[in-house]
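Working notes, beginning with the structure itself.
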Amino acid sequence: MADFETDYLIVGAGAVGLAFADTLIDEDPDCHITFVDRHAKPGGHWNDAYSFVALHQPSATYGVNSLEFQTEHIDEHGLNKGLHALASGTEVLAYFEKVMNLRLLPTGRVDYHRLCEFTGRDDDGIARFKPILGGEEKTVNVRRKVVDATFYQTSVPSTHTPSFEIASDAQVVPPGELPQLWKRAHALPEHYVILGAGKTAMDTGVWLIEAGVDPRSISWVRPRESWLWNRAYTQPGEDFLEQVMDMQLALLREASAASDGRDWMRRLGEQGYYLRIDENSDPDMFHYATISQGEVDLLRRITNVIRKGRVKRVEPGKLVFADGAADIPQGSLFIDCTATAVPFRVQEGARPIFDGDTITLRPLHVPLVTFSAAVAAFLEANFDDDATRNALATPGPLTDTPETFPYAFMVTMMNRGAWSQNPKIAAWLAKSRLDLAGPTIAKLIAENSPKLAILAPFQQAIAQHMPSVVKLGMQAKAVHEAK
Ligand SMILES: Cc1cc2nc3c(=O)[nH]c(=O)nc-3n(C[C@H](O)[C@H](O)[C@H](O)COP(=O)(O)OP(=O)(O)OC[C@H]3O[C@@H](n4cnc5c(N)ncnc54)[C@H](O)[C@@H]3O)c2cc1C
13 MADFETDYLI VGAGAVGLAF ADTLIDEDPD CHITFVDRHA KPGGHWNDAY
63 SFVALHQPSA TYGVNSLEFQ TEHIDEHGLN KGLHALASGT EVLAYFEKVM
113 NLRLLPTGRV DYHRLCEFTG RDDDGIARFK PILGGEEKTV NVRRKVVDAT
163 FYQTSVPSTH TPSFEIASDA QVVPPGELPQ LWKRAHALPE HYVILGAGKT
213 AMDTGVWLIE AGVDPRSISW VRPRESWLWN RAYTQPGEDF LEQVMDMQLA
263 LLREASAASD GRDWMRRLGE QGYYLRIDEN SDPDMFHYAT ISQGEVDLLR
313 RITNVIRKGR VKRVEPGKLV FADGAADIPQ GSLFIDCTAT AVPFRVQEGA
363 RPIFDGDTIT LRPLHVPLVT FSAAVAAFLE ANFDDDATRN ALATPGPLTD
413 TPETFPYAFM VTMMNRGAWS QNPKIAAWLA KSRLDLAGPT IAKLIAENSP
463 KLAILAPFQQ AIAQHMPSVV KLGMQAKAVH EAK
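The opening position of the sequence shown corresponds to residue 13 in this note's numbering, with each subsequent residue numbered one higher.
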C-alpha cells in the first residue's frame, strides 16, 4: 500500500512542470496531479537566480496559460522602451507561487511535496521520493504517468560548479553578489572582469554600467560571439503583428537564399532581425537569448574584450587560458557568468515525449519551453494514444550555433504546421496566451479585420520556401548530431 495515490506525478515544479499542470488540470477535469520538487518554493531555478535577473522575452507570453503577469504593459522608459515589459526574477517567483497556491492547490486535485528528491519508480508503478531535510522515503501509486519536467537541466551561476580553477586569493563571485557591493563602499574593486559570453554576462554588463561603473573599468572574457534575437520582433499583440510576420517572412525567404545556417543568420542579422554586440564579428554561438537594441548599444561601450577561449584558471591580476594568459588589473573582481543555462547539445538517450507510462517535457516550439509544456498537456488530454500524440510532437533540439539552428527552426515549423491542420489544436492555440500570434490572429478573424492581409504573404512564403527550410534543417541536423 503506497503512502499517496495520483494520476500524474510531475517531477519538477519549475516553469515547465507548472505550465504542463496548468493546462492538464483544465483539459482533463478528472485527473489528480502530484508535484515533487527539491526547491522550497515553486519556480525552479528562478529561486536561485541573481537578484537583477529578468525575463528576456515579454512576460505576456511566458508562464502558464491561465494566468497573466502583472507586468504585461508596454515599457515607457529604459532600455526596453516601446516593447512589452519583462518580469523581474522576483516577479517571476511571485507569479509561480500564485500559480501553485491560488490556482493549482485550491482545485483540491493537486498535491505538492517541496524539498523532496524524486528517487525513481518501480516496475509496479510505485514511485518514490525522499524528504531532503529528513524523514522516511514516501511512496506514490502513479495510476497513469510520471512526467519528467527536469529535461532542461537548467544551470545558474549561484548553483553551478565553475569549470575553471580559482586561486585562493582571487576574488570570484556570482553576479548575484554585485548588488551587495554597497556594503563595502570603502573597499570597492578597482576593476571588474565578466567571465562568460551568454545572457547572464550581458545582464551583468548592463547592470554594472547602469550602476555607474566606467566601461573602461570592465573587462569582458567572451570566448565566442553570439547572435541575439532582436526583441522588437518577438512581441505579441496586434500592434506588433506586422513586424513579427516580417521576421517570419525573412526567415523563410532567406532559407531559400542561404547556403547554410551560418549564412542564413548572417543574412538575417544584416537585416536587423538578429543582433550582435561586435558588428565586425561573424558569431559562432546562438543560444536563443533575446535582447533590445538599447542593451546592445550599452554593451558596445565595453571595449576591453578578451577573446582567448575559455578561462582555465583565475588568479589575482591574471587569467590563464589553454593557449596563453591575459594580465588583468590587480584588485579585480571576477564575476562568474559561465553557467550555461541549459545544455545546448544532443541529449543522448532522450525519450520521445510520450512514451508509455512516462512523459518527458522537451521543446516543441524551440525555444519556448513553457508554451511547449502546455501543448504537451493538451495533447495528453485530448488524444488517445502515444503514436498520435508523438506525430504531433516532434522534439526540437536545443542547438548551439548558427550552423545548427535551422534544425530547431525546421522542427518548430513542422510541429506548427501539424497543429494548424488539426482543428482541435488550432482552436486551443487561438486562446493560448503563450502563443505569440495565435490569439491576435483569432481576434482579427473574428473582427474580419483588414489587417488579415498581413498574413497573406506568409501562406505563400510557406508553400514557396518550406522545401528550403527542410533542406537547410536536415543539413543542420547532421552537423548538430555529429558534435
Ligand atoms: C536566467 C535565465 C533567464 C531565462 N529567461 C527565459 C525567458 O525569458 N523566456 C524563456 O522562455 N525561457 C527563459 N529561460 C529558460 C528557462 O530555462 C525557462 O524559462 C524555465 O524557467 C526552465 O524551467 P524548468 O522547469 O525547465 O527548469 P527548472 O527551473 O530548473 O525547474 C526544474 C525543477 O525540477 C527540480 N528537480 C530536478 N530534479 C529533481 C529530482 N530528482 N527530484 C525533485 N526535484 C527535481 C528542480 O529542483 C527544479 O525546481 C531562462 C533561463 C535562465 C537561466
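Idealized CB from N, CA, C, for every residue including glycine.
- Take Gln-305, set aside five residues on each side of it, and the residues of its chain with a beta-carbon closer than 8 Å to its own are Asn-242, Ala-244, Leu-287, in chain order.
- Within the model, the alpha-carbon separation for Gly-321 versus Leu-117 is close to 48 Å.
- Between the stretch 25–40 and the stretch 105–122 there are three or more C-beta pairs closer than 8 Å, enough to call the two in contact.
- If you check the C-beta of Trp-58 against ligand 1, you find a heavy atom less than 8 Å away.
- When beta bridges are read from the DSSP output, Thr-302 appears opposite Trp-241.
- For the pair Asp-135 and Val-28, the Cα-to-Cα distance works out to about 26 Å.
- As the crow flies, the alpha-carbon of Phe-333 is around 26 Å from that of Ile-221.
- Here Ala-438 is exposed. Its C-beta has fewer than 16 other C-beta atoms within 10 Å.
- Residue burial is scored here from C-beta neighbours: Met-13 has fewer than 16 other C-beta atoms within 10 angstroms and is therefore classed as exposed.
- Spanning the alpha carbons of Ser-71 and Glu-202 requires a straight line of approximately 36 Å.
- Around the beta carbon of Pro-407, 16 or more other beta carbons sit within 10 angstroms, so the residue counts as buried.
- The DSSP-derived three-state label of Gly-336 is strand.
- Between Leu-484 and Met-422, the CB-CB gap stays under 9 Å.
- Taking non-hydrogen atoms of ligand 1 into account, the C-beta of Ala-244 is found less than 8 Å away from none of them.
- Within 8 Å of the C-beta of Asp-49 there is at least one heavy atom belonging to ligand 1.
- For Glu-109, the uninterrupted alpha helix (DSSP H) segment begins and ends at 101–110.
- Per the coordinates, the alpha-carbon of Val-481 lies some 13 Å from the alpha-carbon of Glu-415.
- Note: Tyr-419 is not bridge-paired with any residue in the DSSP secondary-structure output.
- Per DSSP, the beta bridge partners of Ser-231 are Val-205, Asn-316.
- Rounded to the nearest angstrom, the Cβ distance from Phe-470 to Met-257 is 6 Å, consistent with a contact under 8 Å.
- Taking all protein chains in view, the Cβ of Lys-211 is crowded by 16 or more other Cβ atoms within 10 Å, so the residue is classified as buried.
- Here Gly-75 is not near Thr-452, since their CB atoms are 9 Å or more apart.
- Comparing alpha carbon positions, the residue from Leu-441, Lys-495, Thr-411, Ala-393 closest to Asp-42 is Ala-393.
- Cβ-Cβ separation between Ala-209 and Met-297: approximately 7 Å, consistent with a contact (criterion under 8 Å).
- Note that the stretch 173–190 touches the stretch 329–347; at least 3 beta-carbon pairs, one per stretch, sit closer than 8 Å.
- Relative to ligand 1, the beta carbon of Thr-166 is positioned inside 8 Å of a heavy atom.
- Here the distance from the Cβ of Leu-117 to the nearest heavy atom of ligand 1 is not below 8 Å.
- Residue pairing for His-125: DSSP places it in a beta bridge opposite Val-48.
- In this structure Thr-171 is exposed. Its beta-carbon is surrounded by fewer than 16 other beta-carbon atoms within 10 angstroms.
- According to the DSSP assignment, Pro-143 belongs to no alpha helix (DSSP H) but to the beta strand (DSSP E) extending over 138–143.
- The alpha-carbon separation between Ile-347 and Trp-440 amounts to approximately 44 Å.
- Annotation: the continuous beta strand (DSSP E) that includes Ile-371 extends over 370–372.
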